[in-house]
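Be aware that the sequence shown starts at 242, since it is given in the working numbering, and climbs by one per residue.
We put the beta carbon where it would ideally sit given N, CA and C, even for glycine.
Read the structure below first, then the notes.
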Amino acid sequence: MSISSEYFEAIADYAGVEGDTNYIAVMKGDVVRLIKKDKEWLTVEKDGDIGKVPKGILIQKENKISPFNMNLQKNTQQNRNREDIIGYN
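Here it is as structure tokens:
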């Protein structure tokens, strides 16, 4: 199973459905990772928990690179710069 790199941001609070773990609460400003799209709901992952949120609560983030990948790319570029200074290239 491939890991989605699509991220969404909550534009409003959503409390979920009390007593139903199929739904997940989000607060305005939370960033979640997309798992699955349905007609009216998005299934997302937040802090290791997975659940549904209404589509109208979330907007897609422009940057589809995860924070982990951004740090990896930054560190890789820093290492290349060091190699250039030392003269490995």
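- The Cβ atoms of Val273 and Val285 sit closer than 8 Å to each other.
- DSSP places Lys302 in the coil class of the three-state scheme, outside both helix and strand.
- Taken through DSSP and simplified to helix, strand or coil, Gly257 comes out as coil.
- When the alpha-carbon of Leu299 is set against those of Ile291, Thr262, Asp290, Trp282, the nearest one is in Trp282.
- Lys296 is positioned such that its CB atom lies no closer than 8 Å to that of Asp271.
- With a cutoff of 8 Å on beta-carbon distance, Ile265 and Lys293 are scored as near each other.
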